[in-house]
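Residue numbers (our numbering), protein chains in the order written: chain A, 1 to 205; chain B, 1001 to 1205.
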């Protein structure tokens, strides 16, 4: 399986398929079709067949896809057939929501620590964690080999913290600060910025 | 200006350009180039020129773009040259983070109410709001004409609440519940699901 040349736009759709398939499995469904999956995720059946066929032949003519098999394959492709440790930087409202959220484990992620530079927050309890001193973040990440971080610090601090994370060995940053980050090519960044999503919809109103 | 046939993928990039341009304006910059903007947002200069040219001629040969003018035009195109009222449904951790967040106003949005169906939460104070009874949500939205909602309820409730919102006249839903929603064609949905973003990055690790 040569996946090196798959366009990122296709990779971006796979987690959406996986989420829908996991929901169907939770509902007790055993098989599905590209048509049915497409209706659930709002993507055409033809697009889904094309996306999935990039990785091999997963469906049987006439019987559709085995949901369990397709889940296994998508988890393998996306490398979430394992659990990834994740650190959170920023113990504000968003950091708290992440610390309290119970839904990561089923999707392949495990929050292991939450850091803040505010001495008043360090030592506080948050969602089962004790907030740790951001001054110790780089050493902690180096020592534990964590490769994924969620960044929930203010815009003014985001780039400096990202630089530190990368120095510590982080390769993937989920950035909640509404600002673009400059990172080396080997580091992946995804953004969560509700205003951006809202603006994408107001265009159509 | 005929914008009806602009692909949604282009519309999705405009808020990212706008965010970067607003940051450049905050830093006191007056003009930029597609090259410079591209480096800030991680998109090629050619793609930016192509995207922006869909809406007319905004740059001058040799002098680049006026940042202020481009901001004005993008805000006009995205219809955030006005302030949109938004309701929040779900007064949990994410609802609280949204209620406390001060960054919406500058981007075109104003949270006007937060609802929850949990009687223990109704009446509580949250980020300057008093949590309102979800049982009164449909009437409130109908009376005020709000067209945008953020949905921060559990997966099990998301579809039913979305159905109510649409019944009340909501046309755009920012869905924080990690589940796809079935909505009529005239309603827009965007998702915020950190696990989906994380899975998009683990593929590359």
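Ideal placement from N, C-alpha and C gives every residue a C-beta, glycine not left out.
The beta carbons of residue 97/A and residue 111/A sit about 11 Å from each other, so the pair does not count as a contact at 8 Å. Beta-bridge pairing by DSSP links residue 132/A to 115/A.
Its Cα nearest to that of residue 115/A, the residue 131/A stands out among 125/A, 106/A, 131/A. Contact between residue 205/A and residue 1091/B fails: their C-beta atoms lie close to 25 Å from each other, not under 8 Å. Under DSSP, residue 1109/B takes part in a beta bridge, and its partners are 1084/B. The straight-line gap separating the alpha-carbon atoms of residue 199/A and residue 1066/B is approximately 21 Å. Residue 34/A places its beta carbon less than 7 Å from that of residue 48/A.
C-alpha of residue 1180/B to C-alpha of residue 74/A: approximately 18 Å in a straight line. Scanning its chain for C-beta atoms nearer than 6 Å, with the 5 sequence neighbours on each side dropped, one finds around residue 85/A the residues 110, 112, 146, in chain order. Apart from the 5 residues on each side of it in sequence, residue 122/A sits with its Cβ closer than 7 Å to the Cβ of 116, 131, 132, 133 in its chain, given in chain order. At a C-beta separation below 7 Å, residue 1078/B has these neighbours in chain A: 199, 202, 203.
For residue 1192/B, the chain A residues whose C-beta falls within less than 7 Å of its own C-beta are 192, 194, 197, listed in chain order. Taking 4 residues as the shortest admissible run, the region 10 to 66 of chain A contains the following complete alpha helix (DSSP H) segments, listed from N- to C-terminal end: 34 to 41, 45 to 53.
Under the Cβ criterion (8 Å, minimum of three pairs), the region 185 to 203 of chain A counts as touching the region 1006 to 1021 of chain B. For residue 161/A, the enclosing alpha helix (DSSP H) covers residues 155 to 167.
Taking a Cβ-Cβ threshold of 7 Å, the residues of chain A close to residue 1016/B are 196, in chain order. Counted as a single uninterrupted DSSP element, the beta strand (DSSP E) harbouring residue 1190/B occupies residues 1188 to 1191. Remark: C-beta atoms of residue 165/A and residue 150/A do not approach each other more closely than 7 Å. The C-beta of residue 12/A comes closer than 7 Å to at least one C-beta of chain B. An exposed status is given to residue 29/A, since fewer than 16 other beta-carbon atoms sit within 10 Å of its beta-carbon. Under the 10 Å beta carbon count, residue 1188/B is surrounded by 16 or more other beta carbons and is classified as buried.
When C-alpha distances from residue 156/A are compared across 1041/B, 1026/B, 1006/B, the shortest belongs to 1026/B. For residue 1128/B and residue 1046/B, the gap between their C-alpha atoms comes out near 45 Å. With a beta-carbon spacing of about 7 Å, residue 159/A and residue 182/A fall inside the 8 Å limit used to define contacts. Residues of chain A whose Cβ lies closer than 9 Å to the Cβ of residue 1104/B are, in chain order, 194, 195, 198. Contact of residue 174/A with chain B is assigned, a C-beta pair being separated by under 7 Å. In summary, residue 78/A is buried, with 16 or more beta-carbon neighbours lying within 10 Å of its beta-carbon over all protein chains present.
Between residue 129/A and chain B, the shortest Cβ-Cβ separation is not below 7 Å. Secondary structure at residue 1089/B: strand, using DSSP grouped into helix, strand and coil. In summary, residue 1083/B is exposed, with fewer than 16 beta-carbon neighbours lying within 10 Å of its beta-carbon over all protein chains present.
For residue 1142/B, no CB of chain A lies under 7 Å from its own CB, so it is not counted at the interface with that chain.
Exclusion of the five residues before and after residue 71/A leaves 18, 21, 22, 25 as the residues of its chain whose Cβ lies within less than 8 Å of its Cβ. The beta carbon of residue 1043/B lies closer than 7 Å to those of 1013 in the same chain, with the five residues before and after it left out. Contact with chain B is absent for residue 49/A, since none of that chain's Cβ atoms lies less than 7 Å from the residue's Cβ.
Secondary structure of residue 1078/B (DSSP, three-state): coil. For the region 108 to 127 of chain A, the set of residues with a beta-carbon nearer than 8 Å to any beta-carbon of chain B comprises 108, 109, in chain order.
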